[in-house]
Amino acid sequence: MTSFPAPAWLVGCGNMGGAMVEGWRAGGADFTGVTVIRPSGTPVEGIRTVTDYPDEQPRFVMLGFKPQKLDEVVPGLAPHVGPETVLVSMLAGVTAATLRQRFPSARAIVRIMPNLPVAQVQGVIAIYTGDFDHDQLLEECKPLTWLGMAPWCDSEEELGVIGAVAAAGVAYVARFAEALGRTAADLGVNPTRARSIAVQTLVGTSDLAKATGESMAEIARRVASPKGTTEQGLAVLDAPDGLQPLVDRTLAAAIRRGKELAEEAGRHN
Ligand SMILES: NC(=O)c1ccc[n+]([C@@H]2O[C@H](COP(=O)([O-])OP(=O)(O)OC[C@H]3O[C@@H](n4cnc5c(N)ncnc54)[C@H](OP(=O)(O)O)[C@@H]3O)[C@@H](O)[C@H]2O)c1
Numbered sequence: 101m102t103s104f105p106a107p108a109w110l111v112g113c114g115n116m117g118g119a120m121v122e123g124w125r126a127g128g129a130d131f132t133g134v135t136v137i138r139p140s141g142t143p144v145e146g147i148r149t150v151t152d153y154p155d156e157q158p159r160f161v162m163l164g165f166k167p168q169k170l171d172e173v174v175p176g177l178a179p180h181v182g183p184e185t186v187l188v189s190m191l192a193g194v195t196a197a198t199l200r201q202r203f204p205s206a207r208a209i210v211r212i213m214p215n216l217p218v219a220q221v222q223g224v225i226a227i228y229t230g231d232f233d234h235d236q237l238l239e240e241c242k243p244l245t246w247l248g249m250a251p252w253c254d255s256e257e258e259l260g261v262i263g264a265v266a267a268a269g270v271a272y273v274a275r276f277a278e279a280l281g282r283t284a285a286d287l288g289v290n291p292t293r294a295r296s297i298a299v300q301t302l303v304g305t306s307d308l309a310k311a312t313g314e315s316m317a318e319i320a321r322r323v324a325s326p327k328g329t330t331e332q333g334l335a336v337l338d339a340p341d342g343l344q345p346l347v348d349r350t351l352a353a354a355i356r357r358g359k360e361l362a363e364e365a366g367r368h369n
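Quick note: the sequence shown uses this note's numbering, first residue 101, plus one each step.
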């Protein structure tokens, strides 16, 4: 049974915090010593849920609210964050320097960028700290590694890029599958069936890649026989104005927005 560095506080538990809790639950985590703090007090199954900060010194605090809520949260939370607290933030675009300024006594500031498949223990959680060699934080950051692939980043820039690829990337991959389904429906397949087939194609392709260890390029090559139908389709995707420049522009837009959010959060210091 896996247990948290206690006391552990989850401050905010919405869409993403809830997905992480789901993943922890699926993996059989022991929630002893874990408290969810959220204004609505909406109960989280199996975890003590309260609306105000308990009278204890947390070892692990995870920020799971929207970046715009930081100013509202700091006055109540900061006095509880001391030299024994590892503060883990999932707030997109809010830099470690901004967090350090708000929580000056924290033992360490750790930024993470999780993606939604953490709920199925199939996630990617990029992790960054500038405070320590990350080997010194392995114990406190252990729960993050239970949810899938958890790479440590060398810089906040790298965290931003992995966030755009893996966290926002879930939406981009979903859009591609949606487009496949929509085209199938436009070509006459029942729309519900078209959507299911697109999803199963996505799931099957990723399972195949995982099971065989083949790269996506190799899988594409295996499907596309010379002069066949797939090859004709790939020629459209691989054209100079095809998929790669579209993905480049998509990620660039997300990364640019991350930088704007960081500047906005920094200006509120
Ligand atoms: N969604 C993603 O794919 C994704 C990926 C990476 C990072 N993130 C980051 O995850 C964070 C949360 O996003 P989300 O989509 O999960 O948001 P969300 O669903 O709106 O959940 C926000 C949570 O914050 C809580 N909250 C609001 N005000 C609070 C306060 N004053 N004190 C404590 N908790 C408060 C809410 O409490 P109640 O439930 O009581 O209302 C709710 O549980 C964001 O910072 C975002 O940048 C999201």
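From the three backbone atoms N, C-alpha and C, an ideal C-beta is built for every residue, glycine too.
Range covered by the alpha helix (DSSP H) that runs through residue i
i           : result
residue 272 : 268-286
residue 181 : From DSSP, residue 181 is part of no alpha helix (DSSP H); its letter is neither H nor E.
residue 335 : 329-337
residue 342 : Residue 342 -> no alpha helix (DSSP H), and no H or E assigned at all.
residue 156 : Counting along the chain, residue 156 falls outside any alpha helix (DSSP H), and DSSP gives it neither H nor E.
residue 260 : 256-262
residue 265 : Segment: none, residue 265 is in no alpha helix (DSSP H) and carries neither H nor E.
residue 175 : 170-177
residue 198 : 196-202
Start-to-end residues for the beta strand (DSSP E) that takes in residue i
i           : result
residue 319 : Segment 316-323 is the alpha helix (DSSP H) holding residue 319; no beta strand (DSSP E) there.
residue 212 : 208-214
residue 109 : 108-111
residue 187 : 186-189
residue 229 : 223-229
residue 303 : Taken as a continuous stretch (DSSP letters only), residue 303 belongs to no beta strand (DSSP E), being part of the alpha helix (DSSP H) at 291-312.
Check: residue i C-beta below 7 Å from any heavy atom of ligand 1
i           : result
residue 116 : yes
residue 241 : no
residue 145 : no
residue 142 : yes
residue 262 : no
residue 287 : no
residue 256 : no
residue 253 : no
residue 247 : no
residue 165 : yes
residue 172 : yes
residue 111 : yes
residue 191 : yes
residue 213 : yes
residue 138 : yes
residue 359 : no
residue 244 : no
residue 267 : yes
residue 199 : no
residue 259 : no
residue 187 : no
residue 216 : yes
Contacting residues, own chain, Cβ-Cβ under 7 Å from residue i (five flanking each side not counted)
i           : result
residue 192 : 167, 263, 358 and 361
residue 267 : 213, 214 and 215
residue 144 : 113, 121 and 136
residue 218 : 119, 120, 123, 225, 247 and 248
residue 176 : 153
residue 351 : 264 and 265
Per DSSP, cross-strand counterpart(s) of residue i
i           : result
residue 103 : 130
residue 137 : 111 and 150
residue 163 : 111 and 189
residue 249 : 224
residue 144 : 147
Close beta carbons around residue i, own chain, < 8 Å, minus the five adjacent residues each side
i           : result
residue 222 : 248
residue 139 : 151
Own chain residues within Cβ distance below 6 Å of residue i, not counting five before or after
i           : result
residue 180 : 153
residue 125 : none
residue 156 : 107
residue 194 : 167 and 365
Cutoff 8 Å: residue i Cβ touching any chain C Cβ
i           : result
residue 216 : Protein chains in the displayed structure number just one, and chain C is not present.
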